[in-house]
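Peer 1:
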Ligand SMILES: Cc1cc2nc3c(=O)[nH]c(=O)nc-3n(C[C@H](O)[C@H](O)[C@H](O)COP(=O)(O)O)c2cc1C
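Residue numbers (our numbering): 3 to 207.
#1: Please classify residue 148 as buried or exposed, where buried requires at least 16 other C-beta atoms within 10 Å of its C-beta.
#2: Is residue 185 near ligand 1, going by C-beta to nearest heavy atom under 8 Å?
#3: Residue 7 by DSSP, collapsed to three states: which one?
#4: For residue 198 and residue 74, I'd like the C-alpha separation in whole angstroms.
#5: If we ignore side chains and look at the alpha-carbon of each, how far apart do residue 179 and residue 150 end up?
#6: Below 9 Å between beta carbons: does that hold for residue 12 and residue 146?
#7: Applying the criterion that 16 or more other CB atoms from any shown protein chain within 10 Å of the CB defines a buried residue, is residue 51 buried or exposed?
#8: Are the region 64-73 and the region 30-43 in contact at 8 Å, needing three or more beta carbon pairs?
#9: What I want to know is whether the C-beta of residue 163 ends up closer than 8 Å to one or more non-hydrogen atoms of ligand 3.
#10: On the three-state DSSP scale, how would you describe residue 116?
#11: Specify, as a first and last residue, the run of the alpha helix (DSSP H) that residue 166 falls within.
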């Protein structure tokens, strides 16, 4: 039985990234009727940030003493179990100030833990503790356009960062579907959506 972990991070009810990610997930469900889908919206769920007392339990291995420490450790454990169990990761990501929303980064900070999803190795360096073979599909929505070869290509910090963190977890089968020009004067957002929808349809054809 396959498991799909769907993580949205836009708070907008009209979110393009959530809409396309959800379309993908619904099609996947039709193709995998006995599959399991787990869904979170990191912004709406207000995934907490890691402060010093949280670091002590998440990275320092200290037993949680306060309610806040118990809460963040339980959440981190839940997110890690969901992440480790998933065969497919589907991310809906709005580009915010050229990067990912802080709440998605907060989710990653709770998933990325020594002894749980990666380990330190002798002589320096790190190694993933994540089962091989996971796939990731990212639906990235942006106001502008960041196509390779254009002057704005390097402004896009979402692809490089997510590819890096996925590679850190040994996830190399990563597909980006870009939903571009969602707030650009003179360019109809529908065009960017249509390009992304065509790419999405090809992914599960
Ligand atoms: C806080 C904020 C920051 C944004 N920063 C950027 C940006 O750096 N580059 C860009 O092209 N669009 C930017 N946008 C526009 C969004 O990426 C665009 O509206 C996108 O469609 C949002 O995704 P969603 O429809 O899934 O919510 C920003 C929007 C917001 C609300």
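We put the CB at the ideal spot given by N, CA and C, even for glycine.
Peer 2: Taking the geometry as given:
#1: buried
#2: yes
#3: strand
#4: 36 Å
#5: 14 Å
#6: no
#7: exposed
#8: no
#9: Ligand 3 is not part of this structure, which contains only ligand 1.
#10: strand
#11: 160-170
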